[in-house]
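Asker: Before I ask anything, here is the structure I am working with.
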Amino acid sequence: MSEKRNKLVPAGELQRQQAFAEQVKELMLLRTRNPVPLAHVHTYGCQGNVADGERIKGMLAQMGFEFTEESKEADLILYNTCAIREHAEDRVFGNVGALKHIKERHPATILGLCGCMMQQPQVAERIRKSFPYVSLVFGTHVVHQLPELLYRLLTCERRVFELPDSDGVVAEGLPVRRDGELKAWLPIMYGCNNFCSYCIVPYVRGRERSRTMEAIVAEAKEIIAAGYKEITLLGQNVNSYGKDLPEPVSFAQLLRTIDALPGDFKIRFMTSHPKDATKELIDVIAESRKVSHHLHLPVQSGSNRILKAMNRHYTREQYLDLVAYAKKRIPDLSLTSDIIVGFPGETREDFEETLSLIKEVGYTSLFTFIFSPREGTPAAKMDDPIEAKEKSAWFSQLLKVQEEIAAKRSASMVGQVVEVLCEEEGKNGLLTGRTDGNIIIEFTGSPEQIGRTVNVKVTRARNWILVGEAIDEETKL
Ligand code: 5AD
Ligand code: SF4
1 MSEKRNKLVP
11 AGELQRQQAF
21 AEQVKELMLL
31 RTRNPVPLAH
41 VHTYGCQGNV
51 ADGERIKGML
61 AQMGFEFTEE
71 SKEADLILYN
81 TCAIREHAED
91 RVFGNVGALK
101 HIKERHPATI
111 LGLCGCMMQQ
121 PQVAERIRKS
131 FPYVSLVFGT
141 HVVHQLPELL
151 YRLLTCERRV
161 FELPDSDGVV
171 AEGLPVRRDG
181 ELKAWLPIMY
191 GCNNFCSYCI
201 VPYVRGRERS
211 RTMEAIVAEA
221 KEIIAAGYKE
231 ITLLGQNVNS
241 YGKDLPEPVS
251 FAQLLRTIDA
261 LPGDFKIRFM
271 TSHPKDATKE
281 LIDVIAESRK
291 VSHHLHLPVQ
301 SGSNRILKAM
311 NRHYTREQYL
321 DLVAYAKKRI
331 PDLSLTSDII
341 VGFPGETRED
351 FEETLSLIKE
361 VGYTSLFTFI
371 FSPREGTPAA
381 KMDDPIEAKE
391 KSAWFSQLLK
401 VQEEIAAKRS
411 ASMVGQVVEV
421 LCEEEGKNGL
431 LTGRTDGNII
441 IEFTGSPEQI
451 GRTVNVKVTR
461 ARNWILVGEA
471 IDEETKL
């Protein structure tokens with residue numbers, strides 16, 4: 001249940017951080033070996049993490065940092081980590097190991113780690129013991145305190161570990177330094193209450209808490225005024241947006257409000273949990289002017305037995321019902337999903353049900369994962385008799401089946417004219433972008449079209465990528 005505690009970081013606390021930021025600015029000028037202090041911030045994982053990274057960079061910019069892709073020249077190297085699967089964690093540990101050389105060559109370099117991985121006590125302990133050259137470690141609930149943490153490190157403490165466990169806060173008014181120039185991430189809520197049995201997110205990100213509609217709309221207006229052409233609203237389960245606010249509002253209301261803002265931009269959102277996605281949401285997408293006809297609706301499995309063990313709170317039939325309604329209401333809707341293969345206890349029959357579901361839905365694309373046990377989650381303790389080799393074989397089969405579905409879907413688009421936000425010129429000289437349904441498309445056109453919404457005729461399909469040619473001047477939404 002969403003609870004109505006006050007989660008907002010008080011304005012006074014943010015002012016206190018500003019004062020630390022001023023001090024850090026001066027201290028870093030004395031410490032840097034560069035003309036200005038340089039930071040290298042690398043974010044792993046999902047868009048929620050990317051959005052955090054953009055706020056972290058905003059605060060660092062306020063502290064006088066500029067940014068570099070070259071970790072070797074940085075005064076501060078910060079990895080914003082992801083804990084969703086073991087593979088993600090292994091990559092971070094590998095990269096942290098490689099930082100030792102940089103620290104040996106430039107001992108004044110500050111090496112820091114933050115993000116979801118750090119919220120797991122066993123990980124923080126491993127960093128403390130095995131990576132003594134990492135001196136700044138902070139969790140997901142204290143990002144807004146970065147100025148103070150850096151100040152402590154620069155003045156009096158050899159290592160700073162700030163890792164409180166918490167239900168989570170909402171910090172408004174932090175500066176944001178966005179990565180892209182066309183597409184912006186806009187977090188509308190943080191945390192998760194769902195406790196899917198395989199998932200670490202609720203343990204490392206705290207409980208669901210929504211930003212107010214006012215704060216979100218204000219940020220959306222800033223994004224539009226800065227010339228962005230696409231806003232993606234972010235939350236672990238956007239469909240429960242607003243339930244915890246003092247005056248509850250629904251995600252559908254929020255979508256309608258942002259859709260009504262003036263400007264030339266598109267709206268996307270993720271992620272929708274099927275148990276909370278409503279027909280009203282589908283209606284809003286159908287009736288809106290700016291919301292893309294794309295729905296990411298992670299099903300995870302097509303077997304009711306496995307869905308139950310995953311604690312997903314919907315059945316295959318309920319999911320397919322919603323999909324049928326959505327397809328009827330929005331005939332050109334593009335659906336994407338997440339699938340986990342090899343959940344503990346999954347049998348060949350269960351897996352076959354997943355295959356039959358993905359064929360029935362006809363997804364545009366899938367994000368597919370082999371189950372990865374996460375310490376502290378219920379699924380990590382479940383019996384898991386299926387061998388890794390077998391899981392890999394299922395995984396390959398899933399990819400193959402989806403490839404055929406995507407190829408067919410793409411082929412059916414040849415000859416159509418689609419709206420594309422033109423993002424950049426690729427190495428092959430073709431322009432690239434994504435269709436409204438979020439399919440990558442490469443097309444001939446002129447570089448002035450970058451940053452504009454263009455009409456493109458699809459001439460060919462290459463599995464999940466489309467190929468085409470721009471057919472006229474830019475189009476407005
Ligand atoms: N193992 C494999 N995949 C996972 N996901 C989340 N936790 C795990 C796990 N332990 C996948 C789910 C989720 C996506 C973001 O990551 O499919 O929707
Ligand atoms: Fe994880 Fe489930 Fe929450 Fe998504 S909804 S973040 S899969 S617990």
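For the sequence shown, full-length UniProt numbering gives the first residue as 1, with consecutive numbering after it. Even for Gly, the Cβ is constructed at its ideal location relative to N, Cα and C. If you're wondering where the values come from, they're calculated on a predicted model, not measured in any experiment.
1) So what's leucine 182 in DSSP terms, helix, strand or just coil?
2) Could I get the ranges of all uninterrupted beta strand (DSSP E) runs contained in the UniProt domain "MTTase N-terminal" (37 to 155), with 3 residues as the minimum, in chain order?
3) Please report the straight-line C-alpha distance between serine 272 and arginine 105, rounded to a whole angstrom.
4) Can you give me the start and stop residues for the alpha helix (DSSP H) that serine 392 sits inside?
5) Am I right that glutamate 423 and leucine 182 are in contact with their C-beta atoms under 8 angstroms? What's the rounded C-beta distance?
6) Please classify glutamate 425: does DSSP put it in a helix, a strand, or coil?
7) Where alanine 260 and glycine 437 are concerned, what is the direct C-alpha to C-alpha distance, given to the nearest angstrom?
8) Determine the contact status of glutamate 148 and leucine 186, defining contact as a CB-CB distance below 8 angstroms.
9) Can you list the residues near the ligand 5AD, meaning Cβ strictly closer than 6 angstroms to any non-hydrogen atom, in the order they appear in the chain?
10) If you run the structure through DSSP and keep just helix, strand and coil, what is threonine 475?
11) State the CB to CB distance for the pair histidine 101 and serine 71, rounded to an integer number of angstroms; the pair is presumed to be in contact (CB under 8 angstroms).
12) Does the region 280 to 292 come into contact with the region 322 to 329, if we say contact requires no fewer than three beta-carbon pairs (one atom in each stretch) closer than 8 angstroms?
13) Within the present structure, is the beta-carbon of valine 201 separated from the nearest heavy atom of the ligand SF4 by less than 7 angstroms?
14) Judging by CA-CA distance, which residue of Met270, Gly242, Val92, Met213 is the nearest neighbour of residue 538?
15) Look up aspartate 264 in the DSSP assignment and say whether it is helix, strand or coil.
16) Express the C-alpha separation of asparagine 304 and isoleucine 370 in angstroms, rounding to a whole number.
17) Hey, threonine 257 and methionine 189 are a contact pair by Cβ (cut 8 angstroms); roughly how many whole angstroms apart?
18) Spatial neighbours of alanine 11 within its chain, please: CB distance less than 8 angstroms, with the 5 preceding and 5 following residues excluded, ordered by chain position.
19) Rounded to whole angstroms, what's the CA-CA distance from serine 292 to proline 248? Just pull it up for me.
20) Determine contact between the region 189 to 201 and the region 426 to 434, defined as no fewer than three beta-carbon pairs at a distance below 8 angstroms.
21) Buried or exposed: which applies to cysteine 156, given that a residue is buried once 16 or more other Cβ atoms fall within 10 Å of its Cβ?
22) Among residues of its own chain, excluding the 5 on either side of threonine 475, which ones have a beta-carbon nearer than 8 angstroms to its beta-carbon?
23) With a 10 Å radius around its C-beta and 16 neighbouring C-beta atoms as the bar for buried, classify serine 365 as buried or exposed.
24) Are the beta-carbon atoms belonging to glycine 342 and alanine 309 less than 8 angstroms from one another?
25) If the criterion is Cβ atoms closer than 8 angstroms, does the pair leucine 254 and glycine 235 meet it?
26) Residues in the same chain with beta-carbon distance under 8 angstroms from valine 24, minus the five sequence neighbours each way, listed in chain order, please.
27) Run through DSSP, which three-state label would asparagine 438 get?
28) Is the distance from the Cβ of lysine 457 to the Cβ of glutamate 469 below 8 angstroms?
29) Which value, in whole angstroms, describes the spacing of the CA atoms of threonine 444 and serine 334?
30) Does the Cβ of alanine 406 have 16 or more other Cβ atoms within 10 Å, making it buried, or fewer, making it exposed?
31) Counting pairs of Cβ atoms below 8 angstroms between the region 196 to 207 and the region 129 to 141, do you hit three or more?
32) Could you check where the alpha helix (DSSP H) with alanine 220 kicks off and where it finishes?
33) Got a sec? Which residues, its chain only, sit under 6 angstroms from threonine 232 by beta carbon, not counting five neighbours each side?
34) Should isoleucine 471 go down as buried or exposed, given a rule of 16 or more other Cβ atoms within 10 Å for buried?
Answerer: Inspection of the coordinates gives the following:
1) coil
2) 38 to 43, 76 to 81, 110 to 115, 136 to 138
3) 47 angstroms
4) 388 to 411
5) 6 angstroms
6) strand
7) 21 angstroms
8) no
9) Ile84, Arg85, Tyr198, Cys199, Pro298, Gln300, Asp338, Ile340, Phe369, Phe371, Ser372, Arg374
10) Residue placement at threonine 475 is flagged as unreliable, the pLDDT there being 48, under the threshold of 50; the coordinate-derived value follows with that caveat. It is coil, neither helix nor strand.
11) In fact, because the Cβ distance is near 10 angstroms, the residues do not count as touching under 8 angstroms.
12) yes
13) yes
14) Absent from the model: residue 538. The displayed extent of the chain is 1 to 477, so no value can be given.
15) coil
16) 18 angstroms
17) Not really, about 15 angstroms apart at Cβ, beyond 8 angstroms.
18) Gly173
19) 25 angstroms
20) no
21) exposed
22) For threonine 475, the predicted model reports a pLDDT of 48, less than 50, meaning its position is unreliable; a value from the coordinates is still stated below. Once the five neighbours on either side are set aside, the close Cβ partners of threonine 475 are Glu419, Thr453, Val454, Asn455.
23) buried
24) no
25) no
26) Met63, Gly64, Pro147, Leu150, Tyr151, Leu154
27) coil
28) yes
29) 24 angstroms
30) buried
31) yes
32) 213 to 225
33) Trp185, Arg268
34) exposed
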